[in-house]
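Those protein sequence lines, which keep their order, are chains H and R.
Just so we're aligned, residue 1 is where the first sequence starts under our numbering, counting upward by one.
Just so we're aligned, residue 1001 is where the second sequence starts under our numbering, counting upward by one.
Worksheet for the structure shown next.
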Amino acid sequence: MLLFVVGLAFVGGLAVACFTKINSIMFLGTERKEVKHFHTSVYDYVSLGIFALFCIVIGFYPQPFIGVINKVLSDEFVPGNSSSALINMNWFYITVIFTSALTGIIVLYLLKKKIQNRYGKRNSNAWGCAYENLDPRMQYTASSFADELNTIPQSILVYHKKVKISKDVFPIKSSFESHSQDFVNEKIILPGFRLLSSLISKITFLSKTDIRYYIGFILIVITIYAFIAFLWM
Amino acid sequence: MDVTTLQGIISILAIVIIAPLFAGVINKQKAIFTGRIGAPILQPYYELQRLFKKETINANSSSFISQISPLINFVAVIFAAAMLPIGFWKPLISFNGDIILFAYMLGLARFFQILAAMDIGSSFEGMGEEREATFALFAEPIFFFTLGSIAFISGTNSVYDIYHSIRLDNLSYIVFIVICSISAFLLAVTECSRMPVDDPNTHLELTMIHEVMILDNSGFDLFLYQYSGYIKLFIYAIIETSFFYPFGVQNYSLGLIVFVIVVLILSCALAIVETITSRFKMKNIPQYLLFATALGILNLLIYTFTN
């Protein structure tokens, strides 16, 4: 129980770190290299927009979705689990609170616009501590972001860094690499998949391009099913 | 409007109005302890007023995330504050399970602050948000082993009910609550970027945590960040203070007097800690936070096994 609580608490913190890292590296800052051929179609926007819309709906109106989860939890997996906080919580409060929060944000945004119109607003270079030639390549990378988090459990993650510092006056050719191995992925999941792959490769003779083989397979399967049905009856 | 709702509204208004004063009182005491006259206790209000009237300057590379993050940060902190009781008054937001919403409202505020820091694209902000995300990871369990362990013992999930379940009728429970308050104090120091974890007065980019994240904000955006910082500090003061309500206090006026006294004692404790301690090295901060987590776990285990 105690371990679960500690794990859950750490998962919350890791989730914040992970989502901010992914979101920031993917969408924020400026491109490190100029993207010349990048095209996004209307269909991409629509399909991703549907997912985004679902996230918003679930966030603001979770009752029906929580209801489904509760039903599955209480009826199928954990009978008599009706005492859990998930079920006892009045999820309508979440709708009211987040709608109120959104209203508050909109009101504050309008106030901000009004204040900025009055006192002014402009853009400027980011603070470079007196260095004026800031470059997109000087932005924080995903590796830098995760460096401290990776360093703490480095023995488990097999995290290692390779730093080459040029001894020239201007160390332009210096390089930095960091790698971490996922123990579960490397030692448990991938070997399992390799074993599965080798087993599947043994029955590749079944995969033929001749349609007569497929008709033959279908007939064999129907015969097996019919035989099982005959025994069942 | 019923009396309970009115009390909730008064509570949240009080938190929003008093929060900068609490920071001012701490700064004044720090100045006195170090032999200086110091700024007046209303200085945070003057600074907020100054920021409110300043021109807003955004970094060239910043996107809409930087525009909306201060707003979300401020609103999320206000909503978290609305779940805390002052005296025996029921907070504006109180329902079964609100302890989780409280933790995640503060998490949402932090999430957008980190995103806004990354949005600028400067390596200074990058450093700050990396530290913030790392230390937040270690700070999360402390919360669950202070308020969470009282919730676990009392069997309630609402912040209001959790505090009102505290009955100091046996010695082991008193010890349990006192250690919970020590853990909460260590958490407050971290979450509010105070000494010895972070120095709110430093302006050296390489050593800052919270301040470096808002380095490229100004005007109204900085006003919102600073204000939410004051409210957050006061939120942790209320969390700390609420542990001491049940010392025989059973009516509103006496409850409020106890509240004011304990808040003043807490401000004094913060000022003393900030005066006599120096900052930890960055690499030692996770150890400090893990110590607070271990304290919370041991506290819960000892109390559970002795009862």
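Beta carbons are placed, not taken as given, at the ideal position from N, Cα and C, and that holds for glycine.
A quick note: this is a predicted structure, and the numbers were derived from the prediction, not measured.
Residues within the stretch 1112-1134 of chain R neighbouring chain H, beta-carbon criterion of under 8 Å: ILE1114, LEU1115, MET1118, ASP1119, ILE1120, GLY1121, SER1122, SER1123, PHE1124, GLU1125, GLY1126, MET1127, GLU1129, GLU1130, ARG1131, ALA1133 and THR1134
Is R/MET1083 close to the ligand SAH? I mean its beta-carbon at under 7 Å from any heavy atom of the ligand. Among the components modelled here there is no ligand, and therefore nothing to report on the ligand SAH.
By the criterion of Cβ-Cβ separation under 8 Å, what are the contact partners of R/GLY1107 in chain H? Counting from one through the second sequence, the residue named residue 1107 of chain R turns up at place 107. Within chain H, the residues near R/GLY1107 are GLY12 and VAL16.
Helix, strand or coil, according to DSSP, for H/ARG122 in the structure here? Mapped onto the first sequence, residue 122 of chain H falls at position 122. Residue state, collapsed to three classes: strand.
Does the stretch 1094-1114 of chain R come close enough to the stretch 1065-1080 of chain R that 3 or more CB-CB pairs lie under 8 Å? yes
Determine the burial state of R/ASP1161: buried for a count of at least 16 other Cβ atoms within 10 Å of its Cβ, exposed for fewer. Taking the second sequence and counting its residues from 1, one reaches residue 1161 of chain R at position 161. By the Cβ-count criterion, R/ASP1161 is buried, with 16 or more other Cβ atoms from all chains shown falling within 10 Å of its own Cβ.
Counting only Cβ-Cβ distances shorter than 9 Å, please list the residues of the stretch 1014-1037 of chain R near chain H, keeping chain order. none
Closer than 8 Å to chain H by CB, R/THR1056: Position 56 of the second sequence, counted from the first residue, corresponds to residue 1056 of chain R. Yes, R/THR1056 lies at the interface with chain H (some Cβ there is under 8 Å from its Cβ).
Residues in the stretch 1197-1223 of chain R with C-beta within 7 Å of chain H's C-beta atoms, listed in sequence order? Look at the stretch 1197-1223 of chain R: the residues with a C-beta under 7 Å from a C-beta of chain H are GLU1205, LEU1215, ASP1216, GLY1219 and PHE1220.
Assuming R/PHE1136 contacts H/VAL6 under a Cβ cut-off of 8 Å, what Cβ separation, rounded to an integer in Å, is found between them? For the purposes of this step, residue 1136 of chain R is identified with residue 136 of the second sequence, where counting begins at 1. For the purposes of this step, residue 6 of chain H is identified with residue 6 of the first sequence, where counting begins at 1. For clarity, residue 1136 of chain R is Ala in the given sequence; the question names Phe instead. About 15 Å separates the two Cβ atoms, so there is no contact after all.
Any chain H beta carbon closer than 8 Å to R/ARG1050: Against the second sequence, residue 1050 of chain R aligns to sequence position 50. By this cut-off, R/ARG1050 is not an interface position.
Can you tell me the Cα-Cα spacing of R/GLY1097 and H/GLY192, whole angstroms? Translated into the one-based positions of the second sequence, residue 1097 of chain R becomes position 97. Translated into the one-based positions of the first sequence, residue 192 of chain H becomes position 192. H/GLY192 has its alpha-carbon roughly 41 Å from the corresponding atom of R/GLY1097.
Please report the straight-line C-alpha distance between R/GLY1148 and R/SER1154, rounded to a whole angstrom. Translated into positions along the second sequence, residue 1148 of chain R becomes position 148. Translated into positions along the second sequence, residue 1154 of chain R becomes position 154. Those two C-alpha atoms are separated by around 10 Å.
Chain H partners of R/ILE1072, CB-CB under 7 Å? Counted from its first residue, the second sequence places residue 1072 of chain R at position 72. Those within 7 Å of R/ILE1072 in chain H are ILE105.
Please name the residues in the stretch 110-133 of chain H whose beta-carbon is closer than 9 Å to at least one beta-carbon of chain R, in chain order. Within the stretch 110-133 of chain H, the residues whose Cβ lies closer than 9 Å to any Cβ of chain R are, in chain order, LEU111, LYS112, ILE115, GLN116, ARG118, TYR119, GLY120, LYS121, ARG122, ASN123, SER124, ASN125, ALA126, TRP127, GLY128 and CYS129.
Beta carbon proximity, H/VAL163 to chain R, threshold 8 Å: As a first step, residue 163 of chain H must be located in the first sequence, where it is residue number 163. At a cut-off of 8 Å between C-beta atoms, H/VAL163 does not count as an interface residue with respect to chain R.
Do R/PHE1143 and R/LEU1187 come within 8 Å of each other at the CB atom, strictly closer than that value? Numbered from 1 along the second sequence, position 187 holds the residue referred to as residue 1187 of chain R. Numbered from 1 along the second sequence, position 143 holds the residue referred to as residue 1143 of chain R. Yes; because the gap between Cβ atoms is below 8 Å, this pair is in contact.
From this set, H/ILE200, H/VAL169, H/GLN181 and H/PHE170, which residue's C-alpha is nearest H/PRO153's C-alpha? Sequence index remark: in the first sequence, residue 153 of chain H carries index 153 (1-based). Minimum Cα distance to H/PRO153 is reached at H/GLN181.
Using a Cβ-Cβ distance under 8 Å, would H/ALA85 count as near chain R? Working through the first sequence from its first residue, we reach residue 85 of chain H at position 85. For H/ALA85, the pLDDT reaches just 48, beneath the cut-off of 50, and the residue's location in the model is therefore unreliable, leaving the point undetermined.
Looking at the strands, I want to know which residues DSSP matches up with R/ASN1058. Against the second sequence, residue 1058 of chain R aligns to sequence position 58. Bridge partners of R/ASN1058 according to DSSP: H/ASN123.
Neighbourhood of H/ALA85 by C-beta distance below 6 Å, restricted to the same chain and skipping five residues each side: Position 85 of the first sequence, counted from the start, is the residue given in the question as residue 85 of chain H. Confidence at H/ALA85 is low in this model, with a pLDDT of 48, below 50, so its placement is unreliable and no value can be given for it.
In three-state terms, what does DSSP make of H/GLU34? Here the question's residue 34 of chain H lines up with position 34 in the first sequence. Coil, per DSSP.
Residues near R/GLY1128 by beta carbon distance below 8 Å, same chain, minus five either side: To locate residue 1128 of chain R, count along the second sequence from 1; it is residue 128. Excluding sequence neighbours, R/GLY1128 sits near ALA1117, MET1208, ILE1209, HIS1210, GLU1211, VAL1212, MET1213 and LEU1215.
Those runs of the alpha helix (DSSP H) which lie wholly inside the stretch 1086-1162 of chain R and span at least 4 residues: 1098-1120, 1123-1144 and 1147-1154
So, do the stretch 1168-1186 of chain R and the stretch 1291-1302 of chain R have three or more beta carbon pairs nearer to each other than 8 Å? Taking a cut-off of 8 Å for Cβ pairs, the stretch 1168-1186 of chain R and the stretch 1291-1302 of chain R touch, as three or more such pairs fall below it.
Closer than 8 Å to chain H by CB, R/LEU1059: To locate residue 1059 of chain R, count along the second sequence from 1; it is residue 59. According to the sequence shown, residue 1059 of chain R is Ala rather than Leu. Interface residue, yes.
Uninterrupted beta strand (DSSP E) stretches inside the stretch 1160-1188 of chain R (no shorter than 3 residues): Counting only runs of 3 or more, we get nothing.
H/LYS167 and H/GLU177: beta carbons closer than 8 Å? On the first sequence, position 167 is the one that residue 167 of chain H refers to. On the first sequence, position 177 is the one that residue 177 of chain H refers to. Cβ distance not < 8 Å, so H/LYS167 and H/GLU177 don't count as in contact.
Chain H contact for R/PRO1141 (CB, 8 Å cutoff): Numbered from 1 along the second sequence, position 141 holds the residue referred to as residue 1141 of chain R. Contact of R/PRO1141 with chain H is assigned, a C-beta pair being separated by under 8 Å.
Note down the Cα distance separating H/PRO136 from H/ILE172, rounded to an integer number of angstroms. Working through the first sequence from its first residue, we reach residue 136 of chain H at position 136. Working through the first sequence from its first residue, we reach residue 172 of chain H at position 172. Whole-angstrom Cα-Cα distance: 16 Å.
What does DSSP give as the partner residue(s) for H/GLU177 in the beta ladder? Start at 1 with the first residue of the first sequence, and residue 177 of chain H comes out as number 177. Bridge partners of H/GLU177: H/LYS162.
Quick check: the Cα distance between H/ILE220 and H/ILE69, rounded to an integer number of angstroms? Position 220 of the first sequence, counted from the start, is the residue given in the question as residue 220 of chain H. Position 69 of the first sequence, counted from the start, is the residue given in the question as residue 69 of chain H. Cα-Cα distance, rounded: 41 Å.
Find out if the Cβ-Cβ distance for the pair H/SER144, R/ASN1060 is shorter than 8 Å. For the purposes of this step, residue 144 of chain H is taken as residue 144 along the first sequence, with counting starting at 1. For the purposes of this step, residue 1060 of chain R is taken as residue 60 along the second sequence, with counting starting at 1. For H/SER144 and R/ASN1060, no; Cβs fall outside 8 Å.
State yes or no: is the C-beta of R/GLU1240 within less than 8 Å of the C-beta of H/GLY120? Locating residue 1240 of chain R in the second sequence gives position 240, counting from the first residue. Locating residue 120 of chain H in the first sequence gives position 120, counting from the first residue. Not closer than 8 Å, so no.
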